[in-house]
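Numbering (the numbering used here), first residue to last: 24 to 177.
Ideal Cβ positions, reconstructed from N, Cα and C, are used throughout, including at glycine.
In this text, all values refer to a predicted model and were calculated from it rather than measured experimentally.
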Amino acid sequence: MYAITALLDMSVAKQAVRFFAHVFVTVLPVVGVVFLLMLLLNLVLTPERVKTYLGAASGLKGWLLAIVSGVLASGPIYAWYAVLHELRKEGMKTSLAAAFLYSRAVKLPLLPLLAHYFGTRFMVVLSLYLIVFSVLSGIVTGALTDKARRKAAS
């Protein structure tokens, strides 16, 4: 595509290559962190541990871990997709992955700013709402995907 663009208009091709290089350099550290996290997860989290803490029998402990981890997680959301994919392959419940992703909407560093502009009561209510709905979202997502998986298997 770049070669065809270069044949048609070299200045546009140069601009496109510069833009690609900028995006690549910007994304590269995130990809590196994701690979590092995945390496650490593979070294530390055995399938048995994932099943214990985030698997079908994890119970309330799994929900709390998923929600607290989601609230504390930082960085771009796309960086977490690969990590959650690996955890799911190791036995993490789909519902907990969904709850983790939903609970990322609670941004700890931004809570003081939210309280400043909207008030403390609003901040608390919104945060609790997001946490409660992370659980509901997880339950619904887990039920729908598990149902689809069972249907596909039969």
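Query	Result
Cα-Cα separation, Ala89 to Leu124	9 Å
Environment of Lys84 [buried if 16+ CB atoms lie within 10 Å]	exposed
Other residues of its chain near Met146: CB distance less than 7 Å, five sequence neighbours each side excluded	Leu134, Leu137 and Ala138
Exposed unless 16 or more other CB atoms sit within 10 angstroms - verdict on Ala122	buried
Counted within 10 angstroms of its Cβ, other Cβ atoms place Val73 as buried (16 or more) or exposed	buried
Pairwise C-alpha distance: Arg144 and Ile27	58 Å
Helix, strand or coil at Gly142 according to DSSP, with G and I counted as helix	coil
Proximity below 9 Å, CB of Ala29 to CB of Ala36	yes
Uninterrupted beta strand (DSSP E) stretches inside the segment 88 to 114 (no shorter than 3 residues)	none
contact_flag[the segment 103 to 118, the segment 155 to 167] where n(CB pairs < 8 Å) is 3 or more	yes
Helix, strand or coil at Arg41 [DSSP, three-state]	helix
Straight-line gap, Leu66 to Lys130 (C-alpha atoms, nearest Å)	29 Å
Closest Cα partner of Val106 within the set Ala175, Phe47, Val54 and Ile154	Val54
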